[in-house]
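Peer 1: To start, I am sharing the structure in question, which I have written as structure tokens.
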Amino acid sequence: LCPPGVLPLCCRLPGWDRASRPPPSPLQPPGLPLAPCRSFSNNKIQVELDESSGVAMMKFKSPPVNSLSLEFLTEFSISLEKLENNRACRGVIITSAVPKIFSSGLDITEMCGKSMEHYTEFWRAVQEMWLRLYGSNMVTVAAVNGSSPAGGCLMALSCDYRIMAENPKFSIGLNEAQLGIVAPFWFKDTFVNVVGHRVAERSLQLGSLHPAPEAHKLGLVDELVPEEKLMEKAAAVMAQWLALPDHARQLTKTMMRKAVLDRLVAHREEDIKNFISFVSKESIQKSLRMYMEMLKKRKS
Ligand code: CO8
5 LCPPGVLPLC
15 CRLPGWDRAS
25 RPPPSPLQPP
35 GLPLAPCRSF
45 SNNKIQVELD
55 ESSGVAMMKF
65 KSPPVNSLSL
75 EFLTEFSISL
85 EKLENNRACR
95 GVIITSAVPK
105 IFSSGLDITE
115 MCGKSMEHYT
125 EFWRAVQEMW
135 LRLYGSNMVT
145 VAAVNGSSPA
155 GGCLMALSCD
165 YRIMAENPKF
175 SIGLNEAQLG
185 IVAPFWFKDT
195 FVNVVGHRVA
205 ERSLQLGSLH
215 PAPEAHKLGL
225 VDELVPEEKL
235 MEKAAAVMAQ
245 WLALPDHARQ
255 LTKTMMRKAV
265 LDRLVAHREE
275 DIKNFISFVS
285 KESIQKSLRM
295 YMEMLKKRKS
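Reminder that position 123 of the sequence shown reads as 127 in this note's numbering, one-by-one numbering, no gaps.
If you want it as structure tokens, here you go:
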């Protein structure tokens, strides 16, 4: 069932497990800055793994807005796979190195005026990012330190826990409807699994971007903290999740997420075809172009 190159949680053999490591020492207080031990970096993403705690810090560094281009998505999936395959890594904190922006979502220019081949490759990379992140065996914590519309919100929603900086200027949500496009079923499923059907339905239909305090009220993010405390809090939450045995937590995660992951795995090619036929429509191309122009006008 698994497409080549993807090994989501739902496809892993029973008994597949990370190295059994003891939980972090209670003597090591949570919240201390992570001591970098192993680091790697590419054009878009920087990763530092602290092998003593088993926690990696992944920072998006693609200014101006960390938009999810084909290159970004590819680098993200490669980075996550590296961590997933490293038995010393048990958890990853995802955040942004770009001030005020977590991620602006899918790179709209990748969806405008490109060839069918490009749309296929791009959409496969979007799927891959989600299958890997939503299906990750590691503990995943999103430290949302800026605005996070659409695909950026999906990334945060795909983590196990979301902490957001309490700045009301930062907003988060699946705003696709505002662009005249429709969030794919697996974006919607991920959203529903976090906030419930009613909140997701209203928010999706209106394409709402929720300021941080509202996002917290709706359950879209789990906690709000002052921006300067965000990383400390993320480390503390991570330590709490890592205090549990990996296998029990992982099997529970699989139980909760498997149906949603399986649905995309089973319909992956159909989902690509749907994306291409939707995005190639002249009316959709026009909406996307107008949206990009609006962003530029707003700037000037
Ligand atoms: N893609 C490409 N370029 C972008 C994007 C993006 N998502 N977002 C911003 N940019 C560009 C801007 O056009 C601008 O370019 P330039 O410097 O050349 O004028 C530059 O980035 C900086 O943008 P801003 O000046 O707007 O930066 P601000 O700091 O003022 O604001 C925001 C940052 C809040 C992120 C703002 O840029 C914004 O709201 N962006 C749009 C976000 C958005 O709506 N994303 C949705 C993308 S669609 C998606 O993720 C899912 C689609 C799935 C369905 C597909 C089915 C067809």
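Where a beta carbon is used, it is the ideal one built from N, C-alpha and C, also for glycine.
Distance check for Lys233 and Glu227, CA to CA, integer angstroms please.
Peer 2: Taking the straight line from one Cα to the other gives about 12 angstroms.
Peer 1: Tell me, please, which residues DSSP counts as bridged to Asp54.
Peer 2: In the DSSP output, where bridge partners are listed per residue, Asp54 has Val59.
Peer 1: Distance, Cα to Cα, Gly200 vs Trp190?
Peer 2: If I take the Cα positions, the gap works out to 14 angstroms.
Peer 1: Would you decide whether Leu135 is buried or exposed? Buried here means 16 or more other CB atoms lie within 10 Å of its CB.
Peer 2: Buried is the call here.
Peer 1: At the level of alpha carbons, what is the spacing between Ala147 and Leu72?
Peer 2: Roughly 17 angstroms separates the two Cα atoms.
Peer 1: Check each candidate in Gly177, Arg293, Arg261 and name the one with the smallest Cα separation from Gly109.
Peer 2: Considering only alpha carbons, the answer is Gly177.
Peer 1: Whose CA, out of Gly117, Leu87, Glu125, lies closest to the CA of Thr78?
Peer 2: Closest by alpha carbon: Glu125.
Peer 1: Between the segment 242-252 and the segment 204-219, do at least 3 Cβ pairs fall closer than 8 angstroms?
Peer 2: No, the segment 242-252 does not touch the segment 204-219.
Peer 1: So the candidates are Ser284, Ser57, Met61; which of them puts its Cα closest to the Cα of Gln50?
Peer 2: With distances taken between Cα atoms, Gln50 lies closest to Met61.
Peer 1: Starting from Glu227 and walking both ways along the beta strand (DSSP E), at which residues does that stretch end?
Peer 2: Note, Glu227: beta strand (DSSP E), 227-229.
Peer 1: So what does Pro215 bridge to, in DSSP terms?
Peer 2: For Pro215, which the question treats as bridged, DSSP gives the partners Ser175.
Peer 1: For the beta strand (DSSP E) holding Ile112, just list the boundary residues, first then last.
Peer 2: Per DSSP, Ile112 belongs to no beta strand (DSSP E) and is neither H nor E.
Peer 1: Looking at Cys93: is its Cβ nearer than 8 angstroms to the Cβ of Leu137?
Peer 2: No, the Cβ-Cβ distance between Cys93 and Leu137 is not below 8 angstroms.
Peer 1: Rounded to whole angstroms, what is the Cα-Cα separation between Leu31 and Glu170?
Peer 2: Low confidence applies here, because Leu31 scores a pLDDT of 35, under 50, leaving its location unreliable; read the following figure in that light. For Leu31 and Glu170, the distance between alpha carbons rounds to 30 angstroms.
Peer 1: Apply the 10 Å Cβ neighbour rule to Asn89 and answer buried if 16 or more other Cβ atoms are within range, or exposed otherwise.
Peer 2: Per the 10 Å Cβ criterion, exposed.
Peer 1: Using the three-state DSSP reduction, which class does Gly155 fall into: helix, strand or coil?
Peer 2: In the structure shown, Gly155 sits in a helix (DSSP, three-state: H, G or I).
Peer 1: Taking 7 angstroms as the line, does the beta carbon of Phe310 fall inside it for any heavy atom of the ligand CO8?
Peer 2: This structure cannot speak to residue 310, because the chain is shown only from 5 to 304.
Peer 1: Closest by CA to Phe106, which one among Thr113, Ile112, Ile98?
Peer 2: Of the listed residues, the one whose Cα sits closest to Phe106 is Ile98.
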